[in-house]
Each structure stands twice: as structure tokens, then as C-alpha cells.
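Read in order, the letters of the sequence shown are residues 264 to 394 in this note's numbering. Just so you know, even glycine gets a beta-carbon here, dropped at the ideal spot from N, CA and C.
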Amino acid sequence: MTSSISVVSSQMQLMNVVECIKSHNYRNNILIVVSATNKREADIKKLLRENDVYGIFFCGVFYFRFRENLFVQLIQTVLYLIRVRMITFQKCFHNVIIGNYLLFTHRYVIKAIARNDCAPNVYVVDDGMAT
């Protein structure tokens, strides 16, 4: 079975990831949600309960929300890096789907998987909001 790991920051990126996963028929999918606000995270959680999306990320969904305080954000960033490294440790994901290549939190997943001597397929499904 082909496994994938996805990183999104918005609702539209999530829908694009779901479309990519369904079109390639991936199994064993993991989703990492990096959100900036409570509302965006709540909207993404609502979308994950929808019929078309429910059950696609059977292996796990992980949430990270960065705060405004610089010190707290630094600690959260370090914890994020450790958590991603733990998720990808000794696991070779064949596919990486990221929502925004400009964000460090998205690109780090590619680097973490590349350390495991994997050569994953990388898909960027940007929603076009920042560019």
C-alpha cells in the first residue's frame, strides 16, 4: 500500500489534499494541520467530519497552532520539529503532499522524510491565497 503524509494550513488546502489522495488512491494517510487561528482549526475539524473526507486520514491527524507570543512560539516550533521527526522516524512515506511550499512548517516534513533515505513524490496543492 502507498502511504502519504500531508501538511495543510487552510480549508482549501485540505480539500486539495483530499482530491489528490483520492485521485491517486493512497492508503495509510497522515495529516498534519498547522493553523494560525482557532476558527480555522475548527473549520478544518468540521471538514474532516464530512462524508467525502471522513476516514481518509485513518492513521492520524495532528494539530499544531502557533501563538502570538514569541517565546511560546519558539517553544512550539521546537516541539513541532520533534513531533514531525517522531512521526517520520523509520517510516518511509512514498508521498508528501504540502499545502504551501513557502512555509517552513510544510517544507520541514520533506526534509524529515528525506533523512530516512526515502525519495518521496512531493505534491504541492497550494490554495493560491498567499501568492
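Minimum Cα-Cα distance from residue 268 among the listed residues 383, 329, 301, 391 corresponds to 383. Secondary structure of residue 372 (DSSP, three-state): helix.
The DSSP assignment places 274–287, 301–311, 333–351 as complete runs of the alpha helix (DSSP H) inside the stretch 269–351, in order along the chain (cut-off: 4 residues).
With a beta-carbon spacing of about 23 Å, residue 363 and residue 265 fall beyond the 8 Å limit used to define contacts.
The C-alpha of residue 292 is placed about 5 Å away from the C-alpha of residue 320. Looking at the backbone, the Cα of residue 340 and that of residue 288 are separated by about 32 Å.
When the five nearest sequence neighbours on each side are left out, the beta carbons in the same chain lying within less than 7 Å of the beta carbon of residue 356 are those of 266, 267, 268, 376, 381, 383, in order along the chain. Only residues of its own chain outside the window of five on either side were considered, and among them 268, 270, 295, 347, 351, 359, 361 have a CB closer than 8 Å to the CB of residue 372, listed in chain order.
Rounded to the nearest whole angstrom, the C-alpha separation of residue 338 and residue 298 is 16 Å. Check the Cα spacing between residue 344 and each of 370, 332, 324: the tightest is with 370.
CA-CA distance, residue 335 to residue 323, rounds to 25 Å.
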